[in-house]
Amino acid sequence: MKLKRDSAAVNSEMIRKPIQRWAPLFLIPMVASFLIGFVWPFFHGLFLSFCKFRTTSDWEWIGIDNYGKALTDESFMYSFGFTAIFAVVSLVLINVFAFAVAYALTQKIKGANLFRTVFFMPNLIGGIVLGYIWSMIFDGFLSYYQTSILMDTELGFWGLIILTCWQQIGYMMIIYIAGLQAVPEDMLEAAKIDGASAMQTLFKVTIPNVMPSITICTFLSLTNGFKLFDQNLALTGGSPYIINPDGTSIHTTEMLALNIYQTFYGQNTASRGVAQAKAVLFFILVAGLALAQLSATRKKEVQQ
Amino acid sequence: MKGAFQKEKFGKNLTTALFVVLSVIYVFPVFMVLVNTFKKNTFVKTDTFGMPNAESWASFDNIITGVTFGGYPFANSVLYSVIVTLLGTFLILLFTSMAAWYISRVDSLACRIVYYGCVFSMVVPFQMVMFTLAKTADTLKLNTPWTIPVIYLGFGAGLAVFMFVGFVKSIPLDIEEAAAIDGCNPFRTYFSVVLPMMKPTMISVAILEIMWIWNDYLLPYLVLDIKKYRTIPIHIQYLKGSYGTVDLGATMALILLSIIPVIIFYLTCQKHIIKGVAAGAVKG
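Chains A and B, in that order, are what the protein sequence lines are. So that you can map any letter, position 206 of the first sequence is 206 in my numbering, and since no number is skipped, the others follow by simple counting. Counting the second sequence from 1 gives a position; my numbering is that position plus 304.
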């Protein structure tokens with residue numbers, strides 16, 4: 001099969017041939033680790049999602065039963081709904097605030113660099129630590145009302161939203177600032193000369209020019225929302241619980257990633273096949289969202 | 305005209321004032337960690353937002369309790385976090401940049417398969433592979449802080465290869481041809497000619513990988529033997545998650561101790577960090 005080569009990658013044989021002899025050094029370490037750390041676990045996981053298993057060596061092929069069980073699992077469906085609402089709400093809040101902050105900080109205000117430093121800071125602190133910092137803050141505040149973040153689903157939801165916004169606004173702000181700084185100065189100048197108001201300039205000139213950044217940030221915050229795990233584990237751990245009459249329980253602030261984790265490593269080791277099937281479904285969902293983003297980014301590259 | 309100018313200036317000052325308030329709110333949670341580190345355990349819960357007073361002042365007791373809290377020396381956690389992060393980042397930078405150069409220069413079918421495999425791996429959430437990955441790591445004895453970096457190289461290769469390939473494609477071939485004519489073998493060409501040119505991308509990738517590995521919880525938790533090896537996030541989750549009554553004061557002290565190096569790192573490398581994030585954003 002002959003693949004089409006793009007012009008930038010046309011290689012002179014003088015470079016190509018000698019490098020190929022060095023493949024064991026240049027390519028093999030990365031490929032070997034990639035096989036160990038990704039390719040094998042991925043296909044092994046895919047295979048096991050069609051099996052009943054407790055450990056990887058003791059499996060029995062059962063076809064698509066696991067998928068049926070996963071899709072009829074009330075707690076999984078609940079966490080899907082919870083996660084979807086969470087992802088959309090956090091997407092909107094993060095992007096509105098991040099854009100507003102980035103816009104204000106690019107208007108040559110005093111201390112812009114300092115503010116940028118402050119807003120980005122939470123990104124360097126890991127999800128687990130962030131979760132416990134905020135659990136202290138929320139519980140310190142909620143103790144005045146004799147309640148706790150662990151006792152109320154709605155409080156848990158908004159707690160997670162505040163935590164996620166606090167963490168991610170700074171990250172998205174950086175991307176928006178980069179986008180805003182790339183808006184051609186003469187375009188803004190021209191708008192000013194033509195007598196456009198600040199609002200008109202924002203909506204007719206600035207926003208269309210930062211569309212690529214908006215695409216990236218919205219998809220990033222959406223996939224981040226769906227994949228959230230550490231913060232969820234540390235802040236609420238899924239509490240509070242509802243116990244069903246049949247003995248099963250629903251953890252009312254449990255998001256998809258945590259639900260999958262609990263199914264894998266919870267009390268019932270017989271449900272690992274179902275957990276793996278849930279993980280595959282989760283992968284399809286997240287990959288679908290992410291691929292949509294990649295193709296949108298690709299489109300942006302074409303335009304440039 | 306002058307009036308409009310003054311109005312604009314007033315608006316900007318107002319924005320600055322607003323941002324001062326926002327910044328204070330933003331740092332508040334971290335500041336509370338500092339405050340509560342120096343309060344006695346019981347006061348952390350009952351009087352979270354109060355300043356330490358004569359009654360609640362704990363001096364350095366929490367820090368002293370904290371460093372051996374849960375019967376596990378916190379210094380070990382710091383050490384393991386540092387080993388895993390530095391070694392992992394080093395392996396990723398070295399081997400993915402080499403592979404990226406090979407992939408873009410040789411550009412064979414196999415190279416393309418590896419490249420698209422890497423791109424694909426970026427969209428796969430960790431939960432998809434966690435069970436089988438933990439098992440594989442266990443079998444291959446990649447379950448110590450000195451060997452887990454191989455797993456990071458494997459699972460984290462996607463983004464790094466993607467970013468390096470993007471950069472290598474922009475390097476003109478002429479330079480490498482000149483090196484080849486002058487008698488450099490590929491090894492020399494790579495390390496004395498190509499690698500130095502990749503420095504900006506190296507820094508961006510390094511920043512993203514350091515931020516990821518240092519804060520990563522689930523992967524090391526599932527792979528490492530947590531009786532022996534606990535990185536900082538594992539240790540903190542372990543203390544909060546599995547203890548009956550938690551010594552909140554000591555926990556706050558540990559959280560403070562784990563944030564300090566991060567803040568120092570951030571303030572010293574801020575410029576690179578912000579550039580790295582902006583560069584990495586393109587990948588999604």
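Yeah, the Cβ is synthetic: ideal placement off N, Cα and C, and Gly gets one too. Treat the numbers as computed from the prediction; the structure is a model and nothing was measured.
- As a beta-bridge residue in DSSP terms, A/His251 pairs with A/Tyr241.
- Put simply, of A/Phe229, A/Leu291, A/Ile242, A/Gly247 the residue whose alpha carbon is nearest the alpha carbon of A/Gln262 is A/Phe229.
- When C-beta atoms of the stretch 512–526 of chain B are compared with those of the stretch 199–211 of chain A, fewer than three pairs fall below 8 angstroms, so the two segments do not count as touching.
- Within chain A, the residues placing a beta-carbon under 8 angstroms from that of B/Tyr406 are Ile19, Trp22, Ala23, Phe26, Leu27, ordered along the chain.
- Residue environment analysis places A/Pro24 among the exposed positions, since fewer than 16 neighbouring C-beta atoms fall within 10 angstroms of its C-beta.
- Classified as buried, B/Pro490 has 16 or more neighbouring CB atoms from the shown chains inside 10 Å of its CB.
- In this structure, the beta-carbon distance from B/Ile559 to B/Val337 falls below 9 angstroms.
- The alpha-carbon separation between A/Tyr265 and A/Asn259 amounts to approximately 10 angstroms.
- Burial check for B/Asp486: the Cβ neighbour count within 10 Å stays below 16, so the residue is exposed.
- In the DSSP assignment, B/Lys343 is bridged to B/Trp361.
- For B/Gln310, no CB of chain A lies under 9 angstroms from its own CB, so it is not counted at the interface with that chain.
- Note that the C-beta distance between A/Leu46 and A/Val210 is not below 9 angstroms.
- Membership of A/Lys52 in the beta strand (DSSP E) is indicated by the continuous run 51–53.
- Checking the DSSP bridge columns, you'll see A/Trp59 partnered with A/Phe53.
- Taking a contact to require three or more Cβ pairs closer than 8 angstroms, the stretch 265–277 of chain A and the stretch 248–257 of chain A do not qualify as touching.
- About 20 angstroms separates the beta carbons of A/His44 and B/Thr451, which is beyond the 8 angstroms limit, so they are not a contact pair.
- Under the three-pair Cβ rule at 8 angstroms, the stretch 71–86 of chain A does not count as touching the stretch 56–63 of chain A.
- Neighbours of A/His44 in chain B, taken as residues at a C-beta separation under 7 angstroms, are given in chain order as Thr436.
- Taking 9 angstroms as the threshold, the shortest C-beta distance from B/Trp361 to chain A does not fall below it.
- Taking A/Thr153 as the centre and dropping the five residues before and after it, the same chain places the C-beta of Pro240, Thr252, Thr253 closer than 8 angstroms to its C-beta, in chain order.
- The beta-carbon of A/Gly140 is placed less than 9 angstroms from the nearest beta-carbon of chain B.
- A straight line joining the alpha-carbon of B/Leu477 with that of A/Met199 spans about 47 angstroms.
- Proximity of chain B to A/Val280 at the Cβ level (cut-off 7 angstroms) is accounted for by Met432, in chain order.
- Listed along the chain, the chain A residues whose CB falls inside 9 angstroms of the CB of B/Ala379 amount to none; the nearest CB is some 17 angstroms away.
- At least one CB atom of chain B sits nearer than 9 angstroms to the CB of A/Trp134.
- For the 9 angstroms CB-CB criterion, A/Ser79 and A/Gly225 do not form a contact.
- Rounded to whole angstroms, A/Phe115 and B/Lys343 show a C-alpha spacing of 29 angstroms.
- Rounded to whole angstroms, A/Lys52 and A/Lys69 show a C-alpha spacing of 12 angstroms.
- Classified as exposed, B/Tyr420 has fewer than 16 neighbouring CB atoms from the shown chains inside 10 Å of its CB.
- With respect to the 9 angstroms criterion, A/Ser295 and A/Ile94 are not classified as neighbours on the basis of their beta carbons.
- When 9 angstroms is used as the limit between beta carbons, B/Ile568 is near no residue of chain A, the shortest such separation being about 10 angstroms.
- In this structure the stretch 569–584 of chain B lies against the stretch 114–132 of chain A, because at least three pairs of beta carbons, one per stretch, are closer than 8 angstroms.
- The beta-carbon of A/Asp230 is placed less than 9 angstroms from the nearest beta-carbon of chain B.
- Around B/Lys544, the same chain offers Val550, Thr555 as residues with beta carbons nearer than 7 angstroms, after the five sequence neighbours per side are excluded.
- Below 8 angstroms, enough C-beta pairs join the stretch 515–529 of chain B and the stretch 430–445 of chain B to call them touching: three or more.
- Residue state for B/Val497 is assigned as helix, using DSSP reduced to three classes.
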